[in-house]
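Structure record follows, encoded as structure tokens.
In my numbering, the protein residues as written are 217 to 455.
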């Protein structure tokens, strides 16, 4: 009887050892498979990055210098090129500064009830055609300077076209040609030195001229020409 009990214990111990080993192998296999997935995912990510880098290099995109990035961050954030100077009433100046902070044109309600802007009707014409004007000017500059394969350059010039046009429209609304902050305008120099290389300043001036031409085409008159001419003069003297 004692010998039978010993044999039963040995059989039970053998079965437990077999089950334990099988469970260990199964858990280990699952761990190995789980660990393999992140490795495969990592390889996929690296390949994706390599592909993205290759496509960017193929596009020959521009690279902004640290100084250009600093200037661009000021232009897009803390600093504005708008400055309500001669010819603006206190009320109009305050309203336009508010709109400039919001990156918006003067809406009809503001024009009708919050301002006595003498150029309100002309401002409306520019405002309502703003997208078409900036796009027409951008297309001209991109084609002339071969920027189509440089997405960073195109995006930068596109935003500048829209923002410069909006600021000029404030001058149009106030019928004043003194609407630019010269200190802020200086910041464009380093930015466009990276975008256009040796032709950076010419590109910037051409953008202003193309905005002037596009505006005249879209609104059907040359009433806004003098405001753009004033902006070109400031940019040439400052930048």
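In this text, a Cβ means the ideal position worked out from N, Cα and C, and glycines have one as well.
Using DSSP with H/G/I as helix, E/B as strand and the rest coil, what is residue i?
i: residue 280; result: coil
i: residue 395; result: coil
i: residue 446; result: helix
On the DSSP letters alone, give me the boundaries of the alpha helix (DSSP H) that residue i sits inside.
i: residue 439; result: Premise fails: residue 439 is in no alpha helix (DSSP H) and is neither H nor E.
i: residue 364; result: Looking at the DSSP string, residue 364 is not in any alpha helix (DSSP H), and its letter there is neither H nor E.
i: residue 314; result: 306–317
i: residue 343; result: 336–344
Which residues in the same chain as residue i place their Cβ atom closer than 6 Å to its Cβ, once the five residues preceding and following it in sequence are excluded?
i: residue 454; result: 398, 401 and 402
i: residue 290; result: 403
i: residue 281; result: 410
i: residue 407; result: 284, 287 and 288
i: residue 323; result: none
Which same chain residues end up closer than 7 Å to residue i when comparing Cβ atoms and leaving out the 5 residues on each side of it in sequence?
i: residue 353; result: 377, 423, 426, 427 and 430
i: residue 443; result: 384, 387, 388 and 393
i: residue 341; result: 435
Excluding the five sequence neighbours on either side, which residues of its own chain have a C-beta within less than 8 Å of the C-beta of residue i, listed in chain order?
i: residue 276; result: 365 and 366
i: residue 326; result: 311 and 315
Review point. For the stretch 327–334 against the stretch 415–433, are there 3 or more C-beta pairs whose distance is under 8 Å?
Key: no
Check your understanding: Is the number of C-beta pairs between the stretch 428–438 and the stretch 340–347 that are closer than 8 Å three or more?
Key -> yes
**Study point:** contact_flag[the stretch 304–314, the stretch 380–396] where n(CB pairs < 8 Å) is 3 or more
**Key:** yes
Point to revise | alpha helix (DSSP H) segments (min. 4 residues) lying fully within the stretch 371–436 | key: 398–401, 404–412 and 416–435
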